[in-house]
Amino acid sequence: MTQLVRQAVFALCLFLSPMAQAEDAAPSPPIQLDRTAVQGGYVLGWAPEGTTEILLDGQSVPLAADGRFALGFGRDASANAQLIARLGTGETLSLTIPIAPRQWQLENLPSLPRVSQPSAEFLARRPGELAQIEAARKSISSQTGWRQSFIWPARGRISGVFGSQRIYAGEPGVPHNGVDVAGGTGTAVYAPANGIVILAAASPFTLEGNLLMIDHGMGLNSAFLHLSRIDVAVGDVIRQGQPIGAIGMTGRATGPHLHWGMRWLDQRIDPALVAGPMSAAPAPMGKDKQPD
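Structure, rendered in structure tokens:
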């Protein structure tokens, strides 16, 4: 009888062994994205447990401890991007991301614009300003604003859209790299998401005027141009909805407005896609309220 039991146990082990091997060899869950990728767009993703590195077209992507990450696609992004996740087991997952094209607002003008020679003051100051901007953009902090639903930093008429471009006698000009919100000088500007101040111009820059930059974490940052004043300082930790400055027309501006630009790593993205329609977005907090 004992021999029969041993044979039965042995047979059961042989039966279960392939099932255990099949479970061990089960493929990792796929990489997940929260929305369709578009030119100028921003996407949040989830990597499988055990992922140690994410690459987008060969570029390393910041990865949170819980496997979440962000991706941004520039105005002229190609039709597809390749996303790779490397796991600690040695497994590699690959995802081809289709990037939907967008129709940009183009203005055709019959002649080239008048170009004036830059002043000696501009030539002397501009390299230092650009160096400050580039140094600030290298910041990749542990801030968590990138996880939030962004709000509009100001409300009003949108006077300039991301990606718009003038064509001068067939020669394309530089595309607009942010969104402009018209408003009266002194109108409050609010933080669209949590972050840390990485640049607060001590004096107006030649083009950007009073420039403020906030790092939202994971390589995502916001820039606010032409401010009449800046109410925060470098190193300040900012909460969503907190007043950070006021609309103005400092620098090169034809009227009072807020220029809101956003970048993910080296890609300029459309703030209007990040925040969503202004009419549907929650209102920023008043100065008499404190963020949660």
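Per the working numbering, the sequence shown starts with residue 204, numbered consecutively.
C-beta atoms are modelled at their ideal positions from N, C-alpha and C, and glycine is treated no differently.
Keep in mind the model is a prediction, meaning the values are calculated, not measured.
field: Distance between P446 and D434 (C-alpha atoms, nearest Å)
entry: Rounded to the nearest angstrom, the two C-alpha atoms are 7 Å apart.
- prompt: With distances taken from CA atoms, which of V382, M465, D469 and R278 is nearest M416?
  reply: M465
- request: For the beta strand (DSSP E) containing F365, list its first residue and its last residue.
  value: For F365, no beta strand (DSSP E) encloses it, and the DSSP letter there is neither H nor E.
- prompt: By the 10 Å Cβ neighbour count, where 16 or more other Cβ atoms means buried, how is Q443 classified, buried or exposed?
  reply: buried
message: Let me confirm a value: D269 is counted as buried when at least 16 other C-beta atoms fall within 10 Å, else exposed. Which label applies?
response: With a 10 Å radius around the Cβ and a threshold of 16 neighbouring Cβ atoms, D269 comes out exposed.
- prompt: When we look at the beta-carbon of P480 and count the other beta-carbons within 10 Å, is it buried (16 or more) or exposed?
  reply: That one is exposed.
- prompt: What residue from I450, L309 and D237 has the CA that sits closest to G376's CA?
  reply: L309
- prompt: Taking all protein chains shown into account, do 16 or more other C-beta atoms lie within 10 angstroms of the C-beta of P474, making it buried, or fewer, making it exposed?
  reply: buried
- request: Return the residue from the list G244, L410, G448 and L430 that minimises the CA-CA distance to P321.
  value: L410
query: Touching or not, the stretch 331–342 and the stretch 360–375, by the rule of three or more beta carbon pairs under 8 Å?
result: no
CA-to-CA distance, D418 to G482, given in whole angstroms: Checking the sequence, you will find Ser at residue 482 rather than Gly. For S482 and D418, the distance between alpha carbons rounds to 25 Å.
query: Going by C-alpha distance, which of L428, N424 and F408 is nearest R350?
result: N424
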